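Enquirer:
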Amino acid sequence: MDSGPNLECRMYEAKYPEVDQAVMIQVKSMTDSGAYVSLLEYNNIEGMILFSELSRRRIRSISSLIKVGRIEPVMVLRVDKEKGYIDLSKRRVSEEDIQVCEERYNKSKLVHSIMRHVAETMNSDLEDLYIHVGWPLYRKYGHAFEAFKLIVNDPDSVLDSLTREIKEVGIDGQEVTKVVPAISEEVKDALVKNIRRRMTPQPLKIRADIEMKCFQFDGVLHIKEAMRKAEAAGNKDCPVKIKLVAPPAYVLNTQTLDKEQGIAILNKAIEACMEEIERHKGKLTVKEAARAVSEREDKLLAEQMLKLGHENEEVSGDEDSEEEEDTGMGEVDVENAGTTF
Numbered sequence: 001m002d003s004g005p006n007l008e009c010r011m012y013e014a015k016y017p018e019v020d021q022a023v024m025i026q027v028k029s030m031t032d033s034g035a036y037v038s039l040l041e042y043n044n045i046e047g048m049i050l051f052s053e054l055s056r057r058r059i060r061s062i063s064s065l066i067k068v069g070r071i072e073p074v075m076v077l078r079v080d081k082e083k084g085y086i087d088l089s090k091r092r093v094s095e096e097d098i099q100v101c102e103e104r105y106n107k108s109k110l111v112h113s114i115m116r117h118v119a120e121t122m123n124s125d126l127e128d129l130y131i132h133v134g135w136p137l138y139r140k141y142g143h144a145f146e147a148f149k150l151i152v153n154d155p156d157s158v159l160d161s162l163t164r165e166i167k168e169v170g171i172d173g174q175e176v177t178k179v180v181p182a183i184s185e186e187v188k189d190a191l192v193k194n195i196r197r198r199m200t201p202q203p204l205k206i207r208a209d210i211e212m213k214c215f216q217f218d219g220v221l222h223i224k225e226a227m228r229k230a231e232a233a234g235n236k237d238c239p240v241k242i243k244l245v246a247p248p249a250y251v252l253n254t255q256t257l258d259k260e261q262g263i264a265i266l267n268k269a270i271e272a273c274m275e276e277i278e279r280h281k282g283k284l285t286v287k288e289a290a291r292a293v294s295e296r297e298d299k300l301l302a303e304q305m306l307k308l309g310h311e312n313e314e315v316s317g318d319e320d321s322e323e324e325e326d327t328g329m330g331e332v333d334v335e336n337a338g339t340t341f
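Letter 120 of the sequence shown, counting from 1, is numbered 120 in full-length UniProt numbering, and no numbers are missing.
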């Protein structure tokens with residue numbers, strides 16, 4: 001009975017991660033002492049996070065820190081290659097480590113998905129495809145994702161440089177080594193076709209966090225006008241949106257294929273906003289400068305705003321109160337100001 005090609009393989013050439021490297025894991029089960037996890041980039045080999053490595057703070061609820069099924073970055077503490085033990089830590093992974101790990105994993109996951117699909121459709125071994133294509137591209141380009149981006153427009157210059165050695169018996173009966181293309185034309189065509197289908201440019205999310213106050217009469221109206229000025233700084237390729245989180249906190253967002261352009265546009269929007277609010281004796285403070293944000297940060301902000309929205313609905317306020325007028329920081333009609341996400 002034909003069991004078909006092997007479609008299981010790690011994403012990287014190294015069988016195990018390095019110590020002090022952040023890796024993406026999925027929590028599989030819990031024990032009295034810790035959590036067993038799968039290392040998603042290393043063909044789901046098992047690792048363990050001791051409960052003492054969950055948080056720097058005192059742990060009140062284990063379930064709030066780690067749950068079965070959750071996918072997140074953690075830090076590698078120890079690797080015993082002989083026994084196959086991998087000890088991991090959640091508390092030692094920094095925000096910077098998390099961002100680097102998420103970016104790398106998202107790229108690796110896309111590369112892996114393409115490679116696996118090609119191996120499956122061409123009835124070939126996935127590890128063999130990695131050995132002759134994937135891992136050589138990782139070595140040459142730093143990440144196979146970068147090579148795949150080039151393949152979209154110029155596949156020959158990237159793939160034709162890949163070769164493999166095969167041994168043949170010559171006419172004289174002696175074994176000779178021949179250098180041949182790493183993959184057949186059929187596999188190459190399938191790979192290029194899949195890469196072109198999947199590698200559409202993904203816009204980056206750029207965000208800045210500010211605080212804005214205006215204690216003048218009609219302060220809310222001045223804030224609204226400053227928000228309009230901020231949005232007006234955007235353009236068709238890089239539109240700017242500004243949203244109230246909770247007075248006096250606001251976030252500015254844009255999406256763009258060009259990170260530097262996105263940051264420059266948001267900085268320009270902040271300047272326009274600041275100029276307008278200061279004209280009315282208000283104040284704008286940049287809490288976090290414009291930067292590219294991960295899906296995780298974006299999701300956390302959305303959850304925070306949803307929670308605040310529910311809390312506002314539960315509190316019954318006096319709509320005729322003059323508090324807004326006094327503070328200039330009350331509810332802003334974001335919808336009518338044209339500032340929806």
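Glycine included, each C-beta is placed from N, C-alpha and C at the ideal position.
Treat the numbers as computed from the prediction; the structure is a model and nothing was measured.
Whose C-beta lies closer than 8 Å to the C-beta of V149 among residues of the same chain, with five residues either side of it excluded?
Expert: For the purposes of this step, residue 149 is taken as the residue at position 149 of the sequence shown. At residue 149 the sequence reads Lys, which differs from the Val that was named. Excluding positions up to five away in sequence, the list reads M199.
Enquirer: According to DSSP, K167 sits in a beta bridge with which residue or residues?
Expert: Within the sequence shown, residue 167 is the residue found at index 167, counting from 1. Bridge partners of K167: T177.
Enquirer: Report the residue from E41, G84, R92, I86 whose alpha carbon sits nearest the alpha carbon of I71.
Expert: For the purposes of this step, residue 71 is taken as the residue at position 71 of the sequence shown. For I71, the nearest C-alpha among the options comes from E41.
Enquirer: Using DSSP's beta-bridge definition, name the partner residues of P73.
Expert: Counted from its first residue, the sequence shown places residue 73 at position 73. DSSP output for P73 lists M24 as bridge partner(s).
Enquirer: Closest to E46 by C-alpha separation, out of I86, C9, K67, A22, would be which residue?
Expert: Taking the sequence shown and counting its residues from 1, one reaches residue 46 at position 46. Selected option, being the one with the closest Cα: I86.
Enquirer: Indicate the three-state DSSP secondary structure (helix, strand or coil) for A144 in the structure shown.
Expert: Stepping through the sequence shown from its first residue, residue 144 is reached at position 144. The answer is helix: DSSP assigns A144 an H, G or I state.
Enquirer: Check the DSSP bridge columns for G47 and list the partner residues they point to.
Expert: Translated into the one-based positions of the sequence shown, residue 47 becomes position 47. DSSP lists V37 as partners of G47.
Enquirer: Are the beta-carbon atoms belonging to K193 and F145 less than 8 Å from one another?
Expert: As a working mapping, residue 193 is identified with position 193 in the sequence shown. As a working mapping, residue 145 is identified with position 145 in the sequence shown. Contact flag unset, no.
Enquirer: Beta strand (DSSP E) containing Y250: first to last residue?
Expert: Here residue 250 is taken as the residue at index 250 of the sequence shown, counted from 1. From DSSP, the beta strand (DSSP E) with Y250 extends over 249-256.
Enquirer: How many angstroms separate the CA atom of D320 from the CA atom of G309?
Expert: Stepping through the sequence shown from its first residue, residue 320 is reached at position 320. Stepping through the sequence shown from its first residue, residue 309 is reached at position 309. Confidence in D320 is poor, its pLDDT being 43 and thus under 50, which makes the residue's placement too unreliable to answer from.
Enquirer: Can you pull the DSSP bridge partners for S113?
Expert: Taking the sequence shown and counting its residues from 1, one reaches residue 113 at position 113. The partner list for S113 (beta bridge, DSSP) is empty, contrary to what the question assumes.
Enquirer: Please classify K188 as buried or exposed, where buried requires at least 16 neighbouring CB atoms within 10 angstroms.
Expert: Position 188 of the sequence shown holds residue 188. Buried, since its Cβ has 16 or more Cβ neighbours within 10 Å.
Enquirer: Please work out which residues of its chain come closer than 8 Å, Cβ to Cβ, to A190, disregarding the five sequence neighbours upstream and downstream, and give them in chain order.
Expert: As a working note, residue 190 is residue 190 in the sequence shown. Within the same chain, A190 has close Cβ partners V118, T121, M122.
Enquirer: Please look up how many angstroms separate the CB atoms of K213 and K283, rounded, as I've assumed it's under 8 Å.
Expert: As a first step, residue 213 must be located in the sequence shown, where it is residue number 213. As a first step, residue 283 must be located in the sequence shown, where it is residue number 283. 5 Å between Cβ atoms; contact.
Enquirer: Do V27 and A14 count as a contact pair if the criterion is CB distance below 8 Å?
Expert: The count along the sequence shown starts at 1 and reaches residue 14 at position 14. The count along the sequence shown starts at 1 and reaches residue 27 at position 27. Result no, Cβ atoms of A14 and V27 do not sit closer than 8 Å.
Enquirer: Could you say which of L252, D298, C238, P248 lies nearest to A230 if we only look at CA atoms?
Expert: Taking the first residue of the sequence shown as position 1, residue 230 is located at position 230. Of the listed residues, the one whose Cα sits closest to A230 is L252.
Enquirer: Using the C-alpha atoms, what's the distance from V100 back to M115?
Expert: The residue given as residue 115 occupies position 115 in the sequence shown. The residue given as residue 100 occupies position 100 in the sequence shown. Whole-angstrom Cα-Cα distance: 22 Å.
Enquirer: Taking just the CA atoms, how far does D97 sit from P17?
Expert: Here residue 17 refers to the residue found at position 17 when the sequence shown is read from its first residue. Here residue 97 refers to the residue found at position 97 when the sequence shown is read from its first residue. P17 and D97: Cα-Cα distance of roughly 14 Å.
Enquirer: Out of E165, G134, E175, state which residue places its alpha-carbon closest to the alpha-carbon of V158.
Expert: Here residue 158 is taken as the residue at index 158 of the sequence shown, counted from 1. Among E165, G134, E175, the Cα nearest to that of V158 belongs to G134.
Enquirer: In chain order, what residues of the same chain lie with their CB nearer than 7 Å to the CB of N43, ignoring the 5 residues before and after it?
Expert: Taking the first residue of the sequence shown as position 1, residue 43 is located at position 43. Closer than 7 Å at Cβ, skipping near neighbours: E8, C9, R10.
Enquirer: Name the DSSP bridge partner or partners of H284?
Expert: Stepping through the sequence shown from its first residue, residue 284 is reached at position 284. Note on identity: in this sequence residue 284 is Leu, with His being the wrong assignment. Partner(s): M212.
Enquirer: Less than 8 Å between the CB atoms is what I'm expecting for residue 417 and I263, so what's the real figure, rounded?
Expert: Here the chain comprises residues numbered 1 to 341, so residue 417 is not present and cannot be evaluated.
Enquirer: Run through the DSSP bridge pairs and tell me what M30 is partnered with.
Expert: Position 30 of the sequence shown, counting from 1, holds the residue named residue 30. In the DSSP output, where bridge partners are listed per residue, M30 has A35.
Enquirer: Assign E53 to buried or exposed, taking buried as 16 or more other Cβ atoms, counted over all protein chains shown, within 10 Å of its Cβ.
Expert: For the purposes of this step, residue 53 is taken as the residue at position 53 of the sequence shown. Buried: at least 16 other Cβ atoms inside 10 Å.
Enquirer: So for D320, helix, strand or coil by DSSP?
Expert: As a first step, residue 320 is located in the sequence shown; it is residue number 320 there, counting from the start. With a pLDDT of only 43 at D320, under 50, the local geometry of the prediction cannot be trusted, and the value read off the model is given with reservation. Residue state, collapsed to three classes: coil.
Enquirer: Expressed to the nearest angstrom, what Euclidean distance is found between the alpha-carbon atoms of H222 and N267?
Expert: In the sequence shown, counting from the first residue as 1, residue 222 sits at position 222. In the sequence shown, counting from the first residue as 1, residue 267 sits at position 267. Going by the C-alpha atoms only, they are around 20 Å apart.
Enquirer: Tell whether a beta-carbon distance below 8 Å holds between V245 and I270.
Expert: The residue labelled residue 245 in the question sits at position 245 within the sequence shown. The residue labelled residue 270 in the question sits at position 270 within the sequence shown. Not closer than 8 Å, so no.
Enquirer: As a quick exercise: from P73, P239, A182, pick the residue whose alpha carbon is nearest that of E103.
Expert: In the sequence shown, the residue the question calls residue 103 occupies position 103. That would be P73, whose Cα lies nearest to the Cα of E103.
Enquirer: Might you give, ordered along the chain, the residues of its own chain that have their beta carbon closer than 8 Å to the beta carbon of M4, omitting 5 neighbours on each side?
Expert: Start at 1 with the first residue of the sequence shown, and residue 4 comes out as number 4. Checking the sequence, you will find Gly at residue 4 rather than Met. Excluding residues within five positions, the ones whose Cβ falls inside 8 Å are N123.
Enquirer: Which residues bound the alpha helix (DSSP H) around D157?
Expert: Against the sequence shown, residue 157 aligns to sequence position 157. Checking the sequence, you will find Ser at residue 157 rather than Asp. That run of the alpha helix (DSSP H) goes 155-159.
Enquirer: Comparing C-alpha positions only, which one of D32, Y12, D237 sits nearest to E260?
Expert: Walking along the sequence shown from the start, residue 260 turns up at place 260. For the residues D32, Y12, D237, the minimum Cα distance to E260 belongs to D237.
Enquirer: Would you report the Cα separation of Q21 and H280, rounded to the nearest angstrom?
Expert: The count along the sequence shown starts at 1 and reaches residue 21 at position 21. The count along the sequence shown starts at 1 and reaches residue 280 at position 280. So the two alpha carbons sit approximately 50 Å from each other.
Enquirer: Would you report the Cα separation of K81 and M48, rounded to the nearest angstrom?
Expert: On the sequence shown, position 81 is the one that residue 81 refers to. On the sequence shown, position 48 is the one that residue 48 refers to. Computed Cα separation, rounded: 14 Å.
Enquirer: Mind checking which residues open and close the beta strand (DSSP E) that includes L7?
Expert: Start at 1 with the first residue of the sequence shown, and residue 7 comes out as number 7. Segment: none, L7 is in no beta strand (DSSP E) and carries neither H nor E.
Enquirer: Just tell me which of R207, A302, S89 has its CA closest to the CA of T256.
Expert: If you number the sequence shown from 1, residue 256 lands on position 256. With distances taken between Cα atoms, T256 lies closest to R207.
Enquirer: Quick one: measure Cβ to Cβ for V68 and V23, integer angstroms, because I've assumed they're closer than 8 Å.
Expert: As a position in the sequence shown, residue 68 is number 68, starting the count at 1. As a position in the sequence shown, residue 23 is number 23, starting the count at 1. Rounded, the Cβ-Cβ distance is 18 Å, inconsistent with contact.
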